[in-house]
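Residue numbers (the numbering used here): 15 to 152. Yeah, the Cβ is synthetic: ideal placement off N, Cα and C, and Gly gets one too. Everything on this sheet refers to the single structure shown next.
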């Protein structure tokens, strides 16, 4: 399940994508639109900025804006940035692999094999879907 942080990030990115014609968008506007705490949203937007997805401008006319085109913001990137691994078990994670403590042998573990399939199917979708796909559905 996506964390609230990631869900809010997608709402903010969607709002910014819908308002690309504006130079910048105020945090307050996004916060009010989705009922998200201003401070919590500010932290999320800073993480997206550090990742090179958003830019910001200070002062009069300041706010946040998308640096990347919506088609270049993969859902998998946002999820990994804010939630960490996409895999449901650490032993099948591509980027955050850890062996399971209770497992005697990954090679003989049926759960591992099934979760690899689940991970692969999820990645097929999440790596090929972007912010543009969300915007197209709104």
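Under the 10 Å beta carbon count, residue 102 is surrounded by fewer than 16 other beta carbons and is classified as exposed. When Cβ pairs closer than 8 Å are counted between the two stretches, the stretch 102–118 is seen not to touch the stretch 44–52, the count staying below three. Distance between residue 87 and residue 31, taken at the CA atoms: about 11 Å.
In terms of CA proximity to residue 65, 23 leads the group 23, 34, 128. Spanning the alpha carbons of residue 130 and residue 73 requires a straight line of approximately 48 Å. Distance from the Cα of residue 70 is smallest, within the candidate group 146, 39, 100, for 39. Per the Cβ contact rule, the stretch 80–98 is in contact with the stretch 136–150 (3 or more Cβ pairs under 8 Å). When the five nearest sequence neighbours on each side are left out, the beta carbons in the same chain lying within less than 7 Å of the beta carbon of residue 136 are those of 100, in order along the chain.
Comparing alpha-carbon positions, the option among 149, 122, 94, 126 lying closest to residue 109 turns out to be 94. Non-local beta-carbon contacts of residue 42 in its own chain, meaning distances under 8 Å to residues more than five positions away in sequence, involve 52 in chain order. Its chain contains 80 as the residues whose beta carbon lies nearer than 7 Å to that of residue 34, once the 5 sequence neighbours on both sides are disregarded; these appear in chain order.
In the three-state scheme derived from DSSP, where H, G and I count as helix and E and B as strand, residue 79 is classed as strand. Restricted to the stretch 76–145, the alpha helix (DSSP H) segments that are unbroken, complete and at least 4 residues in length are 89–97, 124–140, listed in chain order.
Residue 67 is not a Cβ neighbour of residue 26, given a cutoff of 8 Å.
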